[in-house]
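In the working numbering, the protein residues as written are 248 to 325.
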């Protein structure tokens, strides 16, 4: 259950601890390859459900696909 958030959301929110390790990675899709950052979030709550140790991709959203702040990201994007 990975989570993908925009870099703007990551900068504005308190999801990420200052000293949390963030790794650079490269992903490929229909639009080609993109570089992203990968980290782990301690816990994500969605309604009555709670997910622990959720991998999170941070996307530098140049084209504003997520339309931040209306949509911060995707849950279960794999």
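For glycine and all other residues, C-beta sits at the position ideal for the given N, C-alpha and C.
{"query": "With a cut-off of 8 angstroms, do at least 3 Cβ pairs link the segment 313-323 to the segment 255-268?", "result": "yes"}
{"query": "Give me the Cα-Cα distance between residue 249 and residue 278, rounded to the nearest whole angstrom.", "result": "20 angstroms"}
{"query": "When you compare each of 290, 295 and 309 to residue 282 by their alpha carbons, which one comes out closest?", "result": "309"}
{"query": "Under a Cβ-count criterion, where at least 16 other Cβ atoms within 10 Å of its own Cβ denotes burial, should residue 252 be classed as buried or exposed?", "result": "buried"}
{"query": "Spatial neighbours of residue 270 within its chain, please: CB distance less than 6 angstroms, with the 5 preceding and 5 following residues excluded, ordered by chain position.", "result": "285"}
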